[in-house]
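**Q**
There are 2 protein chains.
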Amino acid sequence: MGGKSMRWADGFIGVDWGTTNRRAYLIDSAGKQAGEFEDGKGILSVPAGGFRAAIAEIRDKLGDKPLLLAGMIGSNRGWIDVPYVPCPASIDDLAKNVVWAGEREAIVPGVSYLGDGRADIMRGEEVQVLGGAEAGLVDADALVSHPGTHNKWVVLHQKHIQSFRTVMTGELFSLLKEHSILSDLLQQPVEVNDAFRDAARHTVFNEALPAELFSVRASVVLGKMKKEDAASFASGLLIGTDVRIGLTVPTGARVAIMGRPELTRLYSAALGQANRESVQLDGEECFLAGIREIAKRI
Amino acid sequence: MGGKSMRWADGFIGVDWGTTNRRAYLIDSAGKQAGEFEDGKGILSVPAGGFRAAIAEIRDKLGDKPLLLAGMIGSNRGWIDVPYVPCPASIDDLAKNVVWAGEREAIVPGVSYLGDGRADIMRGEEVQVLGGAEAGLVDADALVSHPGTHNKWVVLHQKHIQSFRTVMTGELFSLLKEHSILSDLLQQPVEVNDAFRDAARHTVFNEALPAELFSVRASVVLGKMKKEDAASFASGLLIGTDVRIGLTVPTGARVAIMGRPELTRLYSAALGQANRESVQLDGEECFLAGIREIAKRI
Numbered sequence: 020m021g022g023k024s025m026r027w028a029d030g031f032i033g034v035d036w037g038t039t040n041r042r043a044y045l046i047d048s049a050g051k052q053a054g055e056f057e058d059g060k061g062i063l064s065v066p067a068g069g070f071r072a073a074i075a076e077i078r079d080k081l082g083d084k085p086l087l088l089a090g091m092i093g094s095n096r097g098w099i100d101v102p103y104v105p106c107p108a109s110i111d112d113l114a115k116n117v118v119w120a121g122e123r124e125a126i127v128p129g130v131s132y133l134g135d136g137r138a139d140i141m142r143g144e145e146v147q148v149l150g151g152a153e154a155g156l157v158d159a160d161a162l163v164s165h166p167g168t169h170n171k172w173v174v175l176h177q178k179h180i181q182s183f184r185t186v187m188t189g190e191l192f193s194l195l196k197e198h199s200i201l202s203d204l205l206q207q208p209v210e211v212n213d214a215f216r217d218a219a220r221h222t223v224f225n226e227a228l229p230a231e232l233f234s235v236r237a238s239v240v241l242g243k244m245k246k247e248d249a250a251s252f253a254s255g256l257l258i259g260t261d262v263r264i265g266l267t268v269p270t271g272a273r274v275a276i277m278g279r280p281e282l283t284r285l286y287s288a289a290l291g292q293a294n295r296e297s298v299q300l301d302g303e304e305c306f307l308a309g310i311r312e313i314a315k316r317i
Numbered sequence: 020m021g022g023k024s025m026r027w028a029d030g031f032i033g034v035d036w037g038t039t040n041r042r043a044y045l046i047d048s049a050g051k052q053a054g055e056f057e058d059g060k061g062i063l064s065v066p067a068g069g070f071r072a073a074i075a076e077i078r079d080k081l082g083d084k085p086l087l088l089a090g091m092i093g094s095n096r097g098w099i100d101v102p103y104v105p106c107p108a109s110i111d112d113l114a115k116n117v118v119w120a121g122e123r124e125a126i127v128p129g130v131s132y133l134g135d136g137r138a139d140i141m142r143g144e145e146v147q148v149l150g151g152a153e154a155g156l157v158d159a160d161a162l163v164s165h166p167g168t169h170n171k172w173v174v175l176h177q178k179h180i181q182s183f184r185t186v187m188t189g190e191l192f193s194l195l196k197e198h199s200i201l202s203d204l205l206q207q208p209v210e211v212n213d214a215f216r217d218a219a220r221h222t223v224f225n226e227a228l229p230a231e232l233f234s235v236r237a238s239v240v241l242g243k244m245k246k247e248d249a250a251s252f253a254s255g256l257l258i259g260t261d262v263r264i265g266l267t268v269p270t271g272a273r274v275a276i277m278g279r280p281e282l283t284r285l286y287s288a289a290l291g292q293a294n295r296e297s298v299q300l301d302g303e304e305c306f307l308a309g310i311r312e313i314a315k316r317i
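Order-wise, the sequence lines are chains A and B.
Each residue of the first sequence is one higher than the one before, starting from 20 at the first, in this note's numbering.
Each residue of the second sequence is one higher than the one before, starting from 20 at the first, in this note's numbering.
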């Protein structure tokens, strides 16, 4: 592993530690992935003062190695509140600003954006996006979509995060599915079918989301939509709106969609309705690329 | 009470029966309100086959009178599923299409809209809107906003509901307040302050709601917004968006806002940011006007 820092010469454990779960990867001295696990111990399930124990658990499973931690573990609800690195932010900036929570535990900072009269923050996605660019999986100049609970539209310029914008799409769909008047209509799995494409095409070009959502119920009640199409239609409305917001950035750069395949395929389909091509990338692969690149630089 | 039908000559009870509560009003033989009560027995709290008992309870409280019922009581989750009257719909159309659930119990139909490639439904608001117009509280040609769990924008033309559009504003605010990542930021009461007005002015003219909502959290985290302003700001974003959708109807008609004062004042403030004047009307007064006018016609 050329240029690798002595700190991590015997291998290390990289952790993508989110709000509701965590994924840990053992990277060996040759820079190869040599083990991994995922569990539901997101930061919200760790009691106050419990991070030392939560860390010990990771070492029990993957070995007594130094740890490089990214994601919500560095937030005000995590182990240590690590200051955000402002845009434009490169992989070097992330490496320079890690905070040592212990002698062998470093936390990667998130990235903040202030501009256009608005504020935005991310923690975790920056490792994947900049890692993907460093590994050549993403173009040096690109528009990246990173769907999940919150989608992040990231403008990448010369391998720097130039700006980004968060859209609450995944969370809104969950709220509607779990708790809203649409709940009983949204239990079917979402498919890329005509209902999804019609809805996405509509909202890519039209803006009335909180009205369109109610129309799902009205259409089913009046017999204009099959109940089994409602979930796909509602998802199409939300993701089409998301894509419209993402594409307001005036860039012709290729769109890279990063994340879990069951989500990236939906965004790819919605982008297709906006006549934009895209490539789908595996978020895990990008994370591994990013965490290795940061380790090299510390 | 001139022109009053013989059916209701000795007075009657009008009921606005919603999903989560009901309000009943005793109207005496002179057409005056002579009693009322409100309770939490919305249709969802009435067990299957329990509507006869729920009706008896109303008579126990207000007297053994005929009943004229409006709202969700006529839905597929209510007592009887009363077919919607399609737009354009007048107060005569409502009266002509009441369904008798018993010998002395009539249910007022809701109104449906199919047009502009979309579907919409209402149950309950039609009595208030057409009642308000009949009583001269609302112009014969008007744009009516009826905020609540769902806001209804109603285009009134020569005292007919010409078209309408539902916006899920109130429900979205509740979902965000109760269950979302913004929850801890939205517990303060909503005020018409600078935060509310700034947010409403922004979304009256800009469309990116699911991104703007996340910016509330990012702004607080980055110290750009006071936590105590977050609820008013988020409410301003939602209601400003709602107003933008409502004003897409090309009408110069005066805007009447009908409902509970704590909501109508928010919509009035947001309409002000769009440079549209409005009048605020008490929804209860409009309901009483409407239910009396329907009784006259049956």
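Using N, Cα and C, we set each Cβ at its ideal position, and we do this for glycine too.
Source: prediction; values computed, not measured.
1) Who are the neighbours of F233 of chain A on chain B, taking C-beta pairs under 8 Å?
2) Put S193 of chain B into one of helix, strand or coil per three-state DSSP.
3) Check each candidate in A:I110, A:I99, A:G54 and A:S94 and name the one with the smallest Cα separation from K315 of chain A.
4) Any C-beta of chain B within less than 8 Å: which residues of the region 195-224 of chain A qualify?
5) So with CB distances below 7 Å, who are the chain B contacts of T260 of chain A?
6) Do you know whose CA, among B:W36, B:R41, B:A67 and B:D29, lies nearest A53 of chain B's CA?
7) Please tell me whether E226 of chain B has its Cβ less than 7 Å away from any Cβ of chain A.
8) Taking all protein chains shown into account, decide if G242 of chain B is buried (16 or more other Cβ within 10 angstroms of its Cβ) or exposed.
9) Going by the CB atoms, is the gap between A272 of chain A and L300 of chain A shorter than 7 Å?
10) Is I258 of chain B helix, strand or coil by DSSP?
11) Which runs of the beta strand (DSSP E) at least 3 residues long sit entirely within the region 54-130 of chain A? Give them in chain order.
12) What are the residues of the region 240-252 of chain B that lie near chain A, defined by any Cβ-Cβ distance shorter than 7 Å?
13) Are there 16 or more other CB atoms within 10 angstroms of the CB of R71 of chain A, so buried, or fewer, so exposed?
14) Is there a Cβ of chain B sitting closer than 7 Å to that of I264 of chain A, yes or no?
15) Quick check: G265 of chain B and A289 of chain B, are their CB atoms within less than 7 Å of each other?
16) According to DSSP, simplified to helix, strand and coil, what is H198 of chain A?
17) By a C-beta neighbour count over all protein chains shown, 10 Å radius and 16 as the cutoff for buried, is A214 of chain A buried or exposed?
18) I need the boundaries of the alpha helix (DSSP H) containing A230 of chain B, first residue and last residue.
19) Would L204 of chain A pass as a contact of L195 of chain A if the rule is Cβ separation under 7 Å?
20) Taking the alpha-carbon positions, what's the H176 of chain A to P107 of chain A distance?
21) Give the residues from the region 128-157 of chain B that approach chain A closer than 7 Å (Cβ to any Cβ), ordered along the chain.
22) Between which two residues does the alpha helix (DSSP H) harbouring T38 of chain A extend?
23) Name the one or two DSSP bridge partners that F31 of chain B has.
24) Return the bridge partner residues of I313 of chain B from the DSSP annotation.
25) Keeping to the same chain, check which residues put their C-beta closer than 6 Å to that of G97 of chain A; ignore five residues upstream and five downstream.
26) Can you have a look at N170 of chain B and say buried or exposed, based on whether 16 or more other CB atoms are within 10 angstroms of its CB?
27) Pull out every residue of the region 42-73 of chain A whose Cβ sits closer than 7 Å to any Cβ of chain B, in chain order.
28) Could you confirm whether any beta carbon from chain B is found closer than 7 Å to the beta carbon of G21 of chain A?
29) Since I believe A250 of chain A is in contact with Q206 of chain A (beta carbons under 8 Å), could you give me their beta-carbon distance rounded to a whole number of angstroms?
30) Which chain B residues are close to L191 of chain A, counting only those with a beta carbon under 7 Å from its beta carbon?
31) So if DSSP puts V274 of chain A in a beta bridge, which residue, or which two residues, is it bridged to?
32) What residues from chain B crowd round S164 of chain A, counting only those whose CB sits closer than 7 Å?
33) Helix, strand or coil: which one does DSSP assign to R279 of chain B?
34) Is it the case that the Cβ atoms of H165 of chain B and E197 of chain B are separated by a distance below 7 Å?
35) When the Cα of T185 of chain B is compared with those of A:A230, A:E226 and A:A138, which residue comes out closest?
36) Are the region 71-85 of chain A and the region 29-45 of chain A in contact at 8 Å, needing three or more beta carbon pairs?
**A** Per the coordinate set shown:
1) For F233 of chain A, the residues of chain B that pass the 8 Å Cβ criterion are D139, H169, T185, V186 and M187, in the order they occur in the chain.
2) If DSSP states are grouped into helix, strand and coil, S193 of chain B belongs with the helices.
3) From the listed residues A:I110, A:I99, A:G54 and A:S94, the smallest Cα separation to K315 of chain A is found for A:I110.
4) Listed by position along the chain: L195, E197, H198, S199 and I200.
5) Correct list: P229.
6) Here the closest residue by C-alpha is B:D29.
7) It does: the Cβ of E226 of chain B has a partner Cβ on chain A nearer than 7 Å.
8) An exposed status is given to G242 of chain B, since fewer than 16 other beta-carbon atoms sit within 10 Å of its beta-carbon.
9) Result no, Cβ atoms of L300 of chain A and A272 of chain A do not sit closer than 7 Å.
10) Residue state, collapsed to three classes: helix.
11) For the region 54-130 of chain A, the continuous beta strand (DSSP E) assignments of 3+ residues that do not extend past its boundaries occur at 86-90, 118-121 and 124-126, in sequence order.
12) Residues V240, L241 and K243.
13) Answer is exposed; the Cβ neighbour count stays below 16.
14) I264 of chain A counts as touching chain B.
15) If you check the CB distance, G265 of chain B and A289 of chain B do not come in under 7 Å.
16) In the structure shown, H198 of chain A adopts helical secondary structure according to DSSP, grouped into three states.
17) A214 of chain A comes out buried.
18) First-last of the alpha helix (DSSP H) with A230 of chain B: L228 to V240.
19) Between L204 of chain A and L195 of chain A, the gap from beta carbon to beta carbon reaches 7 Å or more.
20) Roughly 9 Å separates the two Cα atoms.
21) Within the region 128-157 of chain B, the residues whose Cβ lies closer than 7 Å to some Cβ of chain A are S131, L133, R137, A138, D139 and I140, listed in chain order.
22) Note, T38 of chain A: premise wrong, no alpha helix (DSSP H); not H, not E.
23) For F31 of chain B, which the question treats as bridged, DSSP gives the partners B:I46.
24) Under DSSP, no beta-bridge partner is assigned to I313 of chain B.
25) Closer than 6 Å at Cβ, skipping near neighbours: I62 and M91.
26) Sixteen is the threshold: when 16 or more other Cβ atoms of the shown chains lie within 10 Å of the Cβ of N170 of chain B, as they do, the residue is buried.
27) Those residues of the region 42-73 of chain A placed with their C-beta closer than 7 Å to a C-beta in chain B do not exist.
28) Interpretation of G21 of chain A is limited by its pLDDT of 42, a score under 50 that renders its predicted location unreliable; no figure is taken from the coordinates.
29) Right, their Cβ atoms sit about 7 Å apart.
30) The answer, in chain order, is P229.
31) Within the DSSP bridge table, the entry for V274 of chain A names A:L162 and A:S297 as partners.
32) Listed along chain B, no residue sits closer than 7 Å to S164 of chain A by beta-carbon distance, the nearest being about 13 Å off.
33) Judged by DSSP in its simplified three-state form, R279 of chain B adopts coil rather than helix or strand.
34) No; because the gap between Cβ atoms is not below 7 Å, this pair is not in contact.
35) Residue A:A230 is the option with its Cα nearest to T185 of chain B.
36) Judged by Cβ distances under 8 Å, the region 71-85 of chain A makes contact with the region 29-45 of chain A, as three or more pairs qualify.
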